[in-house]
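Participant: Okay, handing you the structure first.
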Amino acid sequence: MARYFFDSGDRYDVMKDEIGVECNGIEDARRAGIEGLMDLTREFLRDVDGQQLFVEIRDESGDKLAKLTLSLQTQPVIKDLGRSHYAKPNPSKRNMAGR
Amino acid sequence: MAHVSSSNVFIRKLQNISDLTQSDIAVLESIPLQKREYRANQDLVREGDRPTHSFVVLDGMVGSTKLTGEGKRQITSFFVPGDLPDLHGLHLSVMDCTFSPLTSARLGFMRHDALRAICNQHASISTVFWRSTLIDAAIYREWVTNVGRRDGYTRMAHILCELIVRLRSVGRIEDHVAELPITQSALGDALGLSAVHVNRLLQELRRDGLISTVGSRFHAVDWTGLVRAGDFQATYLHQRTEQA
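Residue numbers (this note's numbering), protein chains in the order written: chain A, 771 to 869; chain B, 32 to 275.
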């Protein structure tokens, strides 16, 4: 077992991991990172086109091992009248930076 | 530290949730306890078992746990000193969950036939045991809501608030400082979150000035803030006096 660090966030707000998580090698750390990214997505993905969420894995010596990124691309739906029915991006009150 | 002696801790717990008379206390004190020590994660009662005893937590922390078909563990509730986690075993003969110590723990086992005899003789003891299992059920209801509907940050703050109130009510902590040697992965299993996200949430709570941690020592530096962040109201714990 070794300690890996998982920085996470989006382009506006990064939480630098100062505690770390014990993992059984790099593959296990990668799996843990993906699970972390899934939780991060559930909590922080908003209807904001281009939003990118990531988890970046470092080892104990600070070397970056992997960066897992997920991004949202939305395409406007054009209805008969030619209007887009997509609302303007509306940053939620619980966005990453401002809770 | 207002450390309550181990054998008395379950009487104190029952006093917190009901009005015990001196004679009730004498009866409870007369129940023989077979004390045993456990290491963390050493299963003490398994799903499918037909236990002949119920236990009281004397020291440490115990979790009730369930495994999914693919082997994922959900911790469905925490139990702290004074709690009687498997009192339902008195009436439901086959265990429907597993109990595992989440830290090293000391437990006191009480024979079911002795408990039954006491309940038959003393309606007041029977009532207080019933009340205790009803409150356990209220805690399970709160946990379903917590894990199912609150976001991770609120969920984590909520569970920390609950632990602090419960530990304080049996005199195991003061000033919102608790020794909580639970692993991140156990917290994750209780919250239905990954270890990486649990790790992030603890650091968010720390960054927001609600908690501080040194090793396994955990301090709710801003109790009011933590209660607000955790959407926490202690009503479901049904304690006679609000201790926090």
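The C-beta atom is built at its ideal place from N, Cα and C for all residues, glycine as well.
#1: May I ask you to report which of helix, strand or coil DSSP gives residue 803/A?
#2: Compile a chain-ordered list of the residues in the segment 217-236 of chain B whose CB is closer than 8 Å to at least one CB of chain A.
#3: Quick one: Cα of residue 165/B to Cα of residue 137/B, how far?
#4: Can you have a look at residue 141/B and say buried or exposed, based on whether 16 or more other CB atoms are within 10 angstroms of its CB?
#5: Let me know the secondary structure DSSP gives residue 776/A once reduced to three states.
#6: Could you list which residues in chain B have their beta carbon closer than 8 Å to that of residue 796/A, in chain order?
#7: Verify the CB distance criterion: does residue 32/B have a CB-CB separation below 9 Å to chain A?
#8: Give me, in chain order, the residues of the same chain whose beta-carbon lies closer than 6 Å to that of residue 173/B; leave out the 5 immediate sequence neighbours on both sides.
#9: Quick one: complete alpha helix (DSSP H) runs, 4+ long, within the segment 125-172 of chain B?
#10: Name the chain B residues that come within less than 7 Å of residue 803/A, Cβ to Cβ?
#11: Terminal residues of the continuous alpha helix (DSSP H) containing residue 59/B?
#12: Tell me, please, whether the CB atom of residue 788/A is closer than 9 Å to any CB atom in chain B?
#13: Could you give the first and the last residue of the continuous beta strand (DSSP E) run that contains residue 65/B?
#14: Alpha carbon to alpha carbon, what distance is there between residue 837/A and residue 825/A?
Facilitator: Inspection of the coordinates gives the following:
#1: helix
#2: 224, 225, 226, 227, 228, 230, 231, 233, 234 and 235
#3: 24 Å
#4: buried
#5: strand
#6: Neighbours of residue 796/A on chain B: none; closest Cβ ~14 Å, over 8 Å.
#7: Caution applies to residue 32/B, whose pLDDT of 37 falls short of 50 and renders its modelled position unreliable; the value that the coordinates give is listed next. No, residue 32/B lies away from the interface with chain A (no Cβ there is under 9 Å from its Cβ).
#8: 267
#9: 143-152
#10: 227
#11: 53-60
#12: yes
#13: 65-69
#14: 6 Å
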